[in-house]
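Step one of this worksheet: look at the structure below.
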Amino acid sequence: MKKLNDKIILLTGGDGLLGKAIMQNLNSQGATVINASIGVEDSADFSLLRCDITNEESVNRVVNLVIKKHGRIDGLINNAYPRTKDWGLKFEDIPFASWQKNIDYQLNSHFLLSQKVLVNMQKNQWGSIVNMSSMYGVVGPDFSVYDGTDMTMPAAYSAIKGGLINLTRYLASYYGPYKVRINCVSPGGVFDNQPEKFVQNYNRKVPMRRMAEPGDIAPAVSFLLSDDASYITGQNLIIDGGWTCI
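Residue numbers (this note's numbering): -19 to 226.
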C-alpha cells in the first residue's frame, strides 16, 4: 500500500530543483499534490496554483481554493525559496534593506503559510508540516569549500534556516495537543551544476565524497508526512552525507 494514499498535500515551489523531486516522490506514494508556485498558472484541476508566498492575499486565495475543493489539507511542505536579485553578496556588501527583505521573503512567508494552513489542521485534529531547512541552519559554513570560486554562503540563509528550525520546534510544541506534527528536513549541499572547483572542494570535505542529489532528499519528506512518522514531531532530519558528524 502506498504510504500517502488519499492525502492532500500542498507543496510550495514544486517546479524547483528539490520541488520536482519531492513532487515526484509524493505522487509515487499516492498523494494528491498541489504545486503552489509563483512560476505556474492555475490549472483546471487545481493541481497547479499560482502563489506568491510573500503576499498574504495570494496565500489566502490558495489555501481557500484547496480547502474548497478537497475539504482539508493533510500536509504542507514549505519548500519555496524566494530571494532578492542581489542574493549571494559577501557579508560586508549586503545592504540592510536586502537583509530585511530576504528575511521577510523566506522566514516570514513560511510563518504566514503555516499559520493559514494550521487553522484547518487544528480544526480537523490532523495534519503534518515539513519545513525545508538546511545543515547551515545547524552549523556554521565551512568557507574553505568556496576557495577558487566567486561563491559564498549568504548570511541571511544561515539566519533564516536556523530560525526555521526553531520555529518548527515551537509549532510542534504548540500544535502537538491537536495531533498536528511539524518537522524539518535539512539537506546538505545539493548538486545543481555548481562550478567544478566548488564541487571538488565540497566532495573532499563531506564523508560520503559527493554532493546530494534531489532524489536523496525527497523520500524523507514523504516519510515525515506519512503515518509511519505518526509519533515524530519537532525534529530536524539532517540529510548531509555526514557533513555535520565531523
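Using N, Cα and C, we set each Cβ at its ideal position, and we do this for glycine too.
The DSSP assignment places complete beta strand (DSSP E) segments of no fewer than 3 residues inside the segment 144 to 182 at 160 to 167, in order along the chain. If you draw a 10 Å sphere on the C-beta of Y211, you find fewer than 16 other C-beta atoms in it, and that means exposed.
Of all alpha-carbon atoms in P199, G120 and W223, the one lying nearest the alpha-carbon of N183 is that of W223.
Scanning N173, T34 and P134 for the CA closest to the CA of T(-8) turns up T34. Annotation: A198 is outside any beta strand (DSSP E); the continuous alpha helix (DSSP H) that includes it extends over P194 to L205. The beta carbon of A152 is closer than 6 Å to those of I162, T213 and G214 in its chain, skipping five residues each way along the sequence.
Judged by pairs of C-beta atoms under 8 Å, the segment 124 to 141 does not touch the segment 190 to 210, as fewer than three such pairs exist. DSSP assignment within the segment 16 to 98 yields the following whole alpha helix (DSSP H) runs of 4 residues or more, N-terminal first: 36 to 50 and 76 to 83. Within the model, the alpha-carbon separation for I218 versus M188 is close to 14 Å.
P134 counts as buried, since at least 16 other C-beta atoms from the protein chains shown sit within 10 angstroms of its C-beta. N58 sits away from S124, with the two beta carbons spaced by 8 Å or more.
G55 is positioned such that its CB atom lies closer than 8 Å to that of I(-11).
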